[in-house]
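Participant: Sharing a structure here in structure tokens format.
Right, dumping it as structure tokens:
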């Protein structure tokens, strides 16, 4: 009787193509290329991926070993783009400072030719890079994320008609240009703005907007037309204003009838910029108003971070608890930089507000703002979920 030797099953080679594609899309270009040695089934499979991610590991490791100079890095990018087969829907580029602006211009032109729908460009520290006009010809873009660059669209630019998500991080852009850019994206649903340079006022007119995230040092923001806005996160280091002076609260809540998740930090709540004719105390103003028309029917989750116990902060907490009938959870993150007897007394006073919303759970956390914003030890929720 013949006994056949045990033959191991080659599961790697027999994986379906769609499974291989999903696996490779979790890798960077560097790691994806290495999978060619696994089997014939995997060889050059990475050249067909619709998503290409050139992250900082591609150039940091080589630069550290002095194996990758400017020409070699650019050569790798060109080689991958020109050898790539099939459509490219998503490209992420983290560009080192050793790459010149003209070379990046050429890369963006190639992306336009390939019809990329999702594009991320992150520049490292170095000379400010001005975006080329070819980027504003990519009218097929659905997601656009830009970091550390100068944005100045050409006069003929009429907007991104298909753009759904816009993320700007440490970019230089004129306020009027930004307003026009936002309003010229009729399908825009997600807007993320972090530390914009030369930015002090913004009027948002985005009727399809569902998510808005703002992180800045100081700014004045007005939500003009946001009937579908469900998630709002505002962090302002120097104080933000969402309307005309102290009427910020009412105007803000009236402008977001679909609000479901809200995050505000201390500097937003304290309302530093008052109008010239309005100097009254915030608490007095709140007591004097009739808030019968204020009703946040959909608000379910609130996080107020870096709270130090101001009267205005307590007034806001009370207002939210009274007017949010569907509220399930309110997290109050107290500043770790101001922990004293006065703050403890304020926290005890807060317990009296809990009865205003019997269905809501009110929790207290401690931690510096950096941990809160990064989802650190406090484990605050991700606002885009």
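Numbering (UniProt numbering), first residue to last: 1 to 385. For every residue, glycine included, the Cβ atom is placed at its ideal position computed from N, Cα and C. Values in this document were obtained by computation on a predicted structure and should not be read as measured data.
(1) Relative to the alpha-carbon of residue 91, which residue among 170, 51 and 123 has its alpha-carbon at the smallest distance?
(2) For the beta strand (DSSP E) holding residue 201, just list the boundary residues, first then last.
(3) Where does residue 189 sit, in a helix, a strand or coil, going by DSSP?
(4) In whole angstroms, what separates the C-alpha of residue 224 from that of residue 251?
(5) Using the Cβ count rule (16 or more neighbours within 10 Å means buried), how would you classify residue 174?
(6) Quick one: measure Cβ to Cβ for residue 263 and residue 233, integer angstroms, because I've assumed they're closer than 8 Å.
(7) Taking C-alpha atoms, which residue in 210, 187, 190 and 177 lies nearest to residue 202?
(8) Mind checking which residues open and close the beta strand (DSSP E) that includes residue 90?
(9) Is the distance from the Cβ of residue 438 to the Cβ of residue 211 below 8 Å?
(10) Let's see if you can read the secondary structure: which residues bound the beta strand (DSSP E) around residue 30?
(11) Residue 79 by DSSP, collapsed to three states: which one?
(12) With DSSP as the reference, label residue 402 as helix, strand or coil.
(13) What residue range is occupied by the uninterrupted alpha helix (DSSP H) comprising residue 179?
(14) At which residue ranges does the segment 306-341 contain complete alpha helix (DSSP H) runs of 4 or more residues, listed in the order of the chain?
(15) In the DSSP assignment, the beta strand (DSSP E) including residue 364 goes from what residue to what residue?
(16) Between which two residues does the beta strand (DSSP E) containing residue 118 stretch?
(17) Suppose contacts are defined by Cβ-Cβ distances below 8 Å. Is residue 359 in contact with residue 320 by that definition?
(18) Which residues in the same chain have their Cβ closer than 8 Å to the Cβ of residue 227, if we skip the five residues on either side of it in sequence?
(19) Helix, strand or coil for residue 44? Go by DSSP, reduced to three states.
(20) Where residue 105 and residue 171 are concerned, what is the direct C-alpha to C-alpha distance, given to the nearest angstrom?
(21) Can the beta-carbon of residue 318 be found closer than 8 Å to that of residue 261?
(22) Between residue 31 and residue 94, how many whole angstroms is the CB-CB distance? I'm expecting something under 8 Å.
(23) Look at the alpha carbon of residue 298 and the alpha carbon of residue 40, and state the distance between them as a whole number of angstroms.
(24) In angstroms, rounded to a whole number, what distance separates the CA positions of residue 35 and residue 123?
Facilitator: The relevant details are as follows:
(1) One-based indexing of the chain shown puts residue 91 at position 91. That would be 51, whose Cα lies nearest to the Cα of residue 91.
(2) By one-based count along the chain shown, residue 201 stands at place 201. Taken as a continuous stretch (DSSP letters only), the beta strand (DSSP E) holding residue 201 covers 201-205.
(3) Counted from its first residue, the chain shown places residue 189 at position 189. Three-state DSSP puts residue 189 in coil, outside helix and strand.
(4) Numbered from its first residue, the chain shown carries residue 224 at position 224. Numbered from its first residue, the chain shown carries residue 251 at position 251. The straight-line gap from Cα to Cα measures roughly 10 Å.
(5) Counting from 1 along the chain shown, the entry for residue 174 is found at position 174. Classification for residue 174: exposed.
(6) Your numbering for residue 263 matches position 263 in the chain shown. Your numbering for residue 233 matches position 233 in the chain shown. That pair is a contact at about 4 Å.
(7) Residue 202 sits at position 202 when you count from the first residue of the chain shown. Among 210, 187, 190 and 177, the Cα nearest to that of residue 202 is on 177.
(8) Residue numbering aside, residue 90 sits at position 90 when the chain shown is read from its first letter. Element bounds for residue 90: 90-95.
(9) Lying outside 1 to 385, the shown extent of the chain, residue 438 is not represented and no answer is given.
(10) As a first step, residue 30 must be located in the chain shown, where it is residue number 30. Residue 30 -> not in any beta strand (DSSP E); alpha helix (DSSP H) instead, spanning 29-34.
(11) Counting from one through the chain shown, the residue named residue 79 turns up at place 79. Here residue 79 sits in helix by DSSP.
(12) Shown here, the chain extends from 1 to 385; a query on residue 402 therefore has no answer.
(13) Taking the chain shown and counting its residues from 1, the one referred to as residue 179 is at position 179. It spans 175-183 - the alpha helix (DSSP H) in which residue 179 sits, taken as one unbroken run.
(14) 311-323
(15) Stepping through the chain shown from its first residue, residue 364 is reached at position 364. 361-366 is the span of the beta strand (DSSP E), which, as asked, contains residue 364.
(16) For the purposes of this step, residue 118 is taken as residue 118 along the chain shown, with counting starting at 1. First-last of the beta strand (DSSP E) with residue 118: 118-123.
(17) Locating residue 359 in the chain shown gives position 359, counting from the first residue. Locating residue 320 in the chain shown gives position 320, counting from the first residue. For residue 359 and residue 320, no; Cβs fall outside 8 Å.
(18) Position 227 of the chain shown, counted from the start, is the residue given in the question as residue 227. Counting only Cβ-Cβ distances below 8 Å, and skipping sequence neighbours, we find 207, 257 and 258.
(19) As a first step, residue 44 must be located in the chain shown, where it is residue number 44. DSSP places residue 44 in coil when its eight states are reduced to three.
(20) Stepping through the chain shown from its first residue, residue 105 is reached at position 105. Stepping through the chain shown from its first residue, residue 171 is reached at position 171. So the two alpha carbons sit approximately 17 Å from each other.
(21) The residue you call residue 318 lines up with position 318 of the chain shown. The residue you call residue 261 lines up with position 261 of the chain shown. It is not a contact, given that the beta carbons lie outside the stated cut-off.
(22) By one-based count along the chain shown, residue 31 stands at place 31. By one-based count along the chain shown, residue 94 stands at place 94. Not a contact, Cβ separation roughly 15 Å.
(23) The count along the chain shown starts at 1 and reaches residue 298 at position 298. The count along the chain shown starts at 1 and reaches residue 40 at position 40. Their backbone Cα atoms lie some 54 Å apart in a straight line.
(24) Looking up residue 35 in the chain shown gives position 35. Looking up residue 123 in the chain shown gives position 123. When rounded, the distance between both Cα atoms is 28 Å.
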